[in-house]
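So the protein sequences, as listed, match chains A and B. Take the first sequence: its letters are residues 2 to 99, numbered as in my numbering. Take the second sequence: its letters are residues 143 to 325, numbered as in my numbering. Each residue gets a CB set at the ideal place from its N, CA and C atoms; glycine is no exception. This report refers to the structure that appears directly beneath it.
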Amino acid sequence: MNAPDETIHQPVRLRIMAALTALSARDEGLDFARLKSLTGATDGNLGAHIDHLARAGYVEVSKAFVARRPRTTVKASSAGRAAFARHVAFLREIIART
Amino acid sequence: MTISPNEAGAMLADVEAVVARVKQSRIYRRAGEITILWGAIIVLGHLVAMAAPRWALWEWRAADLLGVVATFVLMLRGRSLAGTLFPLRLLGAFALFFVFGLAWSDLIGRFGPRELDAFWPTLFLFGYALAGLWFGAMFLALGLGLSGLILAGYFWSGEWFNLWLAIVNGGGFVLCGLWMRRA
């Protein structure tokens, strides 16, 4: 049986990983504003959760200036994709056992 | 860590909801780019047709060809989400609509220039409205809304119909495309 992933288990981080892994690996990722709207988190809260995922090696964060405005883009790493897939499989196993 | 089946079910439902929103947003984004492209082509097409009415038919054929090729390229760029076959299916849908339109406008129907100017955009907007039943309400709103405005221009814009189409149809496509990209 798969084991739960403590990093991904937290609801906001689960939503972040769900959003990022819905895109293909070739995709450029999602920007901070879009992630904020998808997760319903505040700026500070979202930033903290993204940092947590980045420290675990699950996401890659890039910052750039677009039209003179700072833009943060977040993308799932291959390790993050694999961890998310394992966590979702773990959740499905819990349901399948009932 | 202990997770109950109810909690696991709620988490999976949350995941599915987020994934659905991301995919919907990507569809709107790609469709928004294509809609803006066609808006620009329509505006230019009507302006050139007003400036050189004798060449309008050939100018529109060239504009349509340019639009189809550019659409295909944009679809190929975004095929990762929509699936590899989607651009080919879209091209097939374009071809079917075009053949249907040619059959009715050139062979079966006896349309005048004004009727043709109303027929072609509403035919393709009908496709947008149909797509809305599968891909999102914005397509339906665009298809029905712009069709209504085109018909209003057909009946009431008088000699300014071409300009009406450039602004309402072309400009409407550009605005709707920008709206979709923000969704």
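- Of all residues in the region 13-29 of chain A, the ones placed with a Cβ closer than 9 Å to any Cβ belonging to chain B are Leu-15, Arg-16, Ile-17, Met-18, Ala-19, Ala-20, Leu-21, Thr-22, Ala-23, Leu-24, Ser-25, Ala-26, Arg-27, Asp-28, in chain order.
- Residue-level contact by beta carbon holds for Arg-93 (chain A) and chain B, with a gap shorter than 8 Å.
- The C-beta separation of Thr-43 (chain A) from Arg-16 (chain A) comes to about 14 Å, leaving the pair out of contact by the 8 Å criterion.
- DSSP places Phe-277 (chain B) within a helical segment (H, G or I) once states are collapsed to three.
- For Leu-31 (chain A), the secondary structure class from DSSP, reduced to helix, strand or coil, is strand.
- Against chain B, the CB of His-10 (chain A) has a partner CB under 8 Å away; the residue lies at that interface.
- The closest CA to that of Lys-37 (chain A), considering only A:Val-13, A:His-53, A:Val-62, is found on A:Val-13.
- The three-state secondary structure of Ala-77 (chain A), taken from DSSP, is strand.
- Nearest neighbour of Leu-54 (chain A) by Cα position, chosen from A:Met-18, A:Ile-96, A:Ala-97, turns out to be A:Met-18.
- For Met-217 (chain B), no CB of chain A lies under 8 Å from its own CB, so it is not counted at the interface with that chain.
- When DSSP states are grouped into helix, strand and coil, Pro-12 (chain A) belongs to the helix group.
- Annotation: Ser-63 (chain A) is outside any alpha helix (DSSP H); the continuous beta strand (DSSP E) that includes it extends over 60-67.
- For Asn-3 (chain A), no alpha helix (DSSP H) segment is defined, and its DSSP state is neither H nor E.
- Identification of chain A residues near Pro-147 (chain B) by a Cβ-Cβ cut-off of 7 Å yields Ile-95, Ile-96, Thr-99, ordered along the chain.
- In terms of CA proximity to His-88 (chain A), B:Met-153 leads the group B:Gly-312, B:Gly-313, B:Cys-318, B:Met-153.
- By the Cβ criterion, the region 274-285 of chain B is not in contact with the region 244-259 of chain B, since fewer than three pairs of Cβ atoms, one from each stretch, lie closer than 8 Å.
- For Asp-156 (chain B), the C-beta contacts it makes with chain A under 9 Å involve Pro-12, Leu-15, Arg-16, Ala-19, in order along the chain.
- At a Cβ-Cβ threshold of 8 Å, Ile-184 (chain B) and Phe-303 (chain B) do not count as neighbours.
- Trp-180 (chain B) counts as buried, since no fewer than 16 other beta carbons sit within 10 angstroms of its beta carbon.
- Within the region 252-321 of chain B, the runs of alpha helix (DSSP H) at least 4 residues long that lie entirely inside it are, in chain order, 255-277, 279-298, 303-306.
- Taking the Cα of Val-60 (chain A) as reference, the smallest distance to any Cα among A:Ala-84, A:Gly-45, A:Arg-70, A:Arg-69 is reached at A:Ala-84.
- Going by DSSP, Arg-163 (chain B) is part of the alpha helix (DSSP H) stretching over 147-193.
- Shown here for Leu-265 (chain B): same chain residues with a beta carbon closer than 8 Å to its own, the five before and five after excluded, namely Phe-239, Phe-242, Gly-243 in chain order.
- By the Cβ test, the region 286-303 of chain B is not in contact with the region 165-173 of chain B, since fewer than three Cβ pairs between them sit closer than 8 Å.
- The criterion of a C-beta distance shorter than 8 Å is not satisfied by Ile-309 (chain B) and Ala-260 (chain B).
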